[in-house]
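Asks: Take this structure, written in structure tokens, and hold onto it; I'll ask about it next.
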Amino acid sequence: MPAMPDHPRSGLRVLVIVPAWNEEASVGGTVREIAGSNPDADILVIDDGSGDRTAAVAEEAGALVARLPFNLGVGGAMRAGYRFALRNGYDVAVQIDADGQHDPRYLRTLIERLDGADIVIGARFATHDDPYKVRGPRRWAMILLARVLSRLARTRLTDVTSGFRVSNRRAITLFARHYPAEYLGDTVESLVIGARAGCVITQEAVVMRPRMAGRASHSPVKAAIYLLRAVFALGLALVRDWPAQLDDAGAPPAKLIRTEPRTEPQTHTEEVER
Amino acid sequence: MSGVSILGVVGSVVILLSLFEMLRRHRLREKYALIWGIVALGALTVAAFPGLLSWATTVLGLQVPANLLFFVASLVIMMLTLQHSSELGRLEERTRTLAEDVALLQVELERRSSVEKDQGGDAA
Numbered sequence: 001m002p003a004m005p006d007h008p009r010s011g012l013r014v015l016v017i018v019p020a021w022n023e024e025a026s027v028g029g030t031v032r033e034i035a036g037s038n039p040d041a042d043i044l045v046i047d048d049g050s051g052d053r054t055a056a057v058a059e060e061a062g063a064l065v066a067r068l069p070f071n072l073g074v075g076g077a078m079r080a081g082y083r084f085a086l087r088n089g090y091d092v093a094v095q096i097d098a099d100g101q102h103d104p105r106y107l108r109t110l111i112e113r114l115d116g117a118d119i120v121i122g123a124r125f126a127t128h129d130d131p132y133k134v135r136g137p138r139r140w141a142m143i144l145l146a147r148v149l150s151r152l153a154r155t156r157l158t159d160v161t162s163g164f165r166v167s168n169r170r171a172i173t174l175f176a177r178h179y180p181a182e183y184l185g186d187t188v189e190s191l192v193i194g195a196r197a198g199c200v201i202t203q204e205a206v207v208m209r210p211r212m213a214g215r216a217s218h219s220p221v222k223a224a225i226y227l228l229r230a231v232f233a234l235g236l237a238l239v240r241d242w243p244a245q246l247d248d249a250g251a252p253p254a255k256l257i258r259t260e261p262r263t264e265p266q267t268h269t270e271e272v273e274r
Numbered sequence: 001m002s003g004v005s006i007l008g009v010v011g012s013v014v015i016l017l018s019l020f021e022m023l024r025r026h027r028l029r030e031k032y033a034l035i036w037g038i039v040a041l042g043a044l045t046v047a048a049f050p051g052l053l054s055w056a057t058t059v060l061g062l063q064v065p066a067n068l069l070f071f072v073a074s075l076v077i078m079m080l081t082l083q084h085s086s087e088l089g090r091l092e093e094r095t096r097t098l099a100e101d102v103a104l105l106q107v108e109l110e111r112r113s114s115v116e117k118d119q120g121g122d123a124a
């Protein structure tokens, strides 16, 4: 991929969707950081029924805030975001977690990668010197999920549970209708849906930071339960009747992508890294 | 294998298959599938190994195995109904919140459009 100078695909309308549930400690910093490194992007914080000052803090930081009246989970919050993106004609939708794990400085690179893909995942474990370490059952689950989805998407994916991702108009149209609210649905199952619907999925190596606030759980029992639920969720996503359901939504995305002004000649199926 | 066992096995397998098919067609959510799956697997175990039931009956000091079966079955059904009642309550609460939100939004919209009209009138 050629290193483009400043503003590679300027003119694209970019929406950054930040799902946030009780993240008053970190959401302000996250929003300011996104705005600082991507001044052209609009930021929409989806307050997923928080009981704290998440919405107020996000508004003070300058973001547009959608308040869900009750907690819908990441999947529900994200679908609301994708629907907003679709209704308002955004070309690119980005998902960034509110906890500060995702470094928005990668955004430009991720958006550049949309040149040959519909969905770009900001992925950990893509390089050998990645400082992010996961052990035990959680690691096995991540490897299993990555293998199966790599096969389905016909490209090498190392981190399918990453919430850091970029979608073009075609994927936005799909996700505005089909974005599961169930466990791991927002990451794994949505990728299965994307791959099944014929979206080109690819990844870009990113380094994730420790969370600004809150903690990741390290209990082995929880990790084992995570593995079991991940296997169940993945199995279900794979046997589910997605294509039949997508038929009704299948036509619009195909048309929409043709009206997208900056879509280069579609040679990307061959270019996707193996 | 006795007729009762075959009936039990067939019954639980049918439940498991319908569960799978309903999940596949998005007619059932995981959280409800879990409890039904446990019920079906339990029925399958008891049907395949009737000795388990008689053993449990003796251990608990009951006279007739069927009584234990009915007792457990009614307990399970009660739990399922309870789960549904609580889910229903949660849904009612959410619908109420949504209705209130819609009404408040409508007031807000009307107020804004009347303000705009007034401003338009002043300018004209």
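Residue numbers (UniProt numbering), protein chains in the order written: chain A, 1 to 274; chain B, 1 to 124.
Ideal Cβ placement from N, Cα and C applies to all residues, glycine included.
(1) What are the start and end residues of the alpha helix (DSSP H) that includes B/T57?
(2) Taking beta-carbon pairs under 7 Å, can you tell me which members of the stretch 56-90 of chain A lie near chain B?
(3) Helix, strand or coil, according to DSSP, for A/V14 in the structure here?
(4) For the beta strand (DSSP E) that A/A237 lies in, which residues bound it at each end?
(5) With distance defined between alpha-carbon atoms, name the residue in B/R96, B/R111, B/A33 and B/G89 nearest to B/S18.
(6) Can a CB atom of chain B be found closer than 8 Å to the CB of A/Y106?
(7) List the endpoints of the continuous beta strand (DSSP E) containing A/E204.
(8) For A/W21, does the count of other Cβ atoms within 10 angstroms reach 16, so buried, or fall short, so exposed?
(9) Would you tell me roughly how many angstroms separate the C-alpha atoms of A/R154 and A/T187, rounded to the nearest one?
(10) Below 8 Å between beta carbons is the criterion; list the residues of the stretch 22-45 of chain B that meet it against any residue of chain A, in chain order.
(11) Is it right to say A/I111 is buried, meaning 16 or more other beta carbons lie within 10 angstroms of its own, or is it exposed?
(12) Hey, does B/T95 have any beta-carbon neighbour from chain A nearer than 8 Å?
(13) Taking the alpha-carbon of A/D91 as reference, which of A/D115, A/A181, A/P104 and A/S37 has the nearest alpha-carbon?
(14) Can you tell me which of the three DSSP states B/N67 falls into?
(15) Where does A/D115 fall in DSSP's three states?
(16) List the residues that DSSP assigns as beta-bridge partners of A/G93.
(17) Counting only C-beta atoms, is A/V239 closer than 8 Å to chain B at any point?
(18) Tell me whether B/D118 is buried or exposed, calling it buried when 16 or more other Cβ atoms sit within 10 Å of its Cβ.
(19) Under the DSSP definition of a beta bridge, which residues are partnered with A/R67?
(20) In three-state DSSP terms, what is B/V10?
(21) Name, please, each residue of chain D whose Cβ falls closer than 7 Å to the Cβ of B/D118.
(22) Could you say if the stretch 52-71 of chain A and the stretch 23-42 of chain A meet the contact criterion of at least three C-beta pairs nearer than 8 Å?
(23) Tell me where the alpha helix (DSSP H) around A/A25 begins and ends.
(24) Measure the C-alpha to C-alpha separation of A/V160 and A/R229 and round it to an integer number of angstroms.
(25) Between A/F175 and A/T109, what straight-line distance do the alpha-carbon atoms span, to the nearest angstrom?
(26) Using a Cβ-Cβ cutoff of less than 7 Å, which residues in the same chain neighbour A/V134 once the five nearest sequence positions on both sides are dropped?
(27) Taking DSSP as the reference, what is the three-state secondary structure of A/V134?
(28) How should A/I225 be labelled, buried or exposed, when 16 other C-beta atoms within 10 angstroms of its C-beta is the threshold for buried?
(29) By Cβ distance, which residues of its chain are closer than 6 Å to A/V14, with the 5 residues on each side in sequence left out?
Replies: Quick look at the numbers:
(1) For the purposes of this step, residue 57 of chain B is identified with residue 57 of the second sequence, where counting begins at 1. Where B/T57 is concerned, the enclosing alpha helix (DSSP H) stretches over P50 to L60.
(2) P69 and F70
(3) The residue you call residue 14 of chain A lines up with position 14 of the first sequence. Correct three-state label for A/V14: strand.
(4) Walking along the first sequence from the start, residue 237 of chain A turns up at place 237. Not the beta strand (DSSP E): A/A237 falls in the alpha helix (DSSP H), residues P220 to V239.
(5) To locate residue 18 of chain B, count along the second sequence from 1; it is residue 18. Among B/R96, B/R111, B/A33 and B/G89, the Cα nearest to that of B/S18 belongs to B/A33.
(6) Against the first sequence, residue 106 of chain A aligns to sequence position 106. No, A/Y106 lies away from the interface with chain B (no Cβ there is under 8 Å from its Cβ).
(7) Reading the first sequence from its first residue, position 204 is the one you call residue 204 of chain A. The continuous beta strand (DSSP E) containing A/E204 extends over residues I201 to A205.
(8) Working through the first sequence from its first residue, we reach residue 21 of chain A at position 21. The residue is buried, with at least 16 neighbouring Cβ atoms inside 10 Å.
(9) As a position in the first sequence, residue 154 of chain A is number 154, starting the count at 1. As a position in the first sequence, residue 187 of chain A is number 187, starting the count at 1. C-alpha separation (whole angstroms): 17 Å.
(10) L23, R24, R25, H26, R29 and E30
(11) One-based indexing of the first sequence puts residue 111 of chain A at position 111. So A/I111 counts as buried.
(12) If you number the second sequence from 1, residue 95 of chain B lands on position 95. At a cut-off of 8 Å between beta-carbon atoms, B/T95 makes no contact with chain A.
(13) Residue 91 of chain A sits at position 91 when you count from the first residue of the first sequence. It is A/D115.
(14) Numbered from its first residue, the second sequence carries residue 67 of chain B at position 67. Three-state DSSP puts B/N67 in a helix.
(15) Locating residue 115 of chain A in the first sequence gives position 115, counting from the first residue. It is helical.
(16) On the first sequence, position 93 is the one that residue 93 of chain A refers to. For clarity, residue 93 of chain A is Ala in the given sequence; the question names Gly instead. Bridge partners of A/A93: A/L15 and A/S167.
(17) Taking the first sequence and counting its residues from 1, the one referred to as residue 239 of chain A is at position 239. Yes, contact with chain B.
(18) Walking along the second sequence from the start, residue 118 of chain B turns up at place 118. Per the 10 Å Cβ criterion, exposed.
(19) Indexing the first sequence from 1 puts residue 67 of chain A at position 67. In the DSSP output, where bridge partners are listed per residue, A/R67 has A/D47.
(20) Here residue 10 of chain B refers to the residue found at position 10 when the second sequence is read from its first residue. Residue state, collapsed to three classes: helix.
(21) In the structure shown, chain D does not exist; the protein chains are A and B.
(22) yes
(23) Numbered from its first residue, the first sequence carries residue 25 of chain A at position 25. No alpha helix (DSSP H) holds A/A25; DSSP gives it neither H nor E.
(24) Position 160 of the first sequence holds residue 160 of chain A. Position 229 of the first sequence holds residue 229 of chain A. Each residue's alpha carbon lies about 15 Å from the other.
(25) The sequence position of residue 175 of chain A within the first sequence is 175, counting from 1. The sequence position of residue 109 of chain A within the first sequence is 109, counting from 1. The straight-line gap from Cα to Cα measures roughly 22 Å.
(26) For the purposes of this step, residue 134 of chain A is taken as residue 134 along the first sequence, with counting starting at 1. So the qualifying residues of the chain are M142.
(27) Position 134 of the first sequence, counting from 1, holds the residue named residue 134 of chain A. Reduced to three states, the DSSP call for A/V134 is coil.
(28) Translated into positions along the first sequence, residue 225 of chain A becomes position 225. Its Cβ having fewer than 16 others within 10 Å, A/I225 is exposed.
(29) What you label residue 14 of chain A is simply residue 14 of the first sequence in a count that begins at 1. Same-chain partners within the cutoff: A41 and V92.
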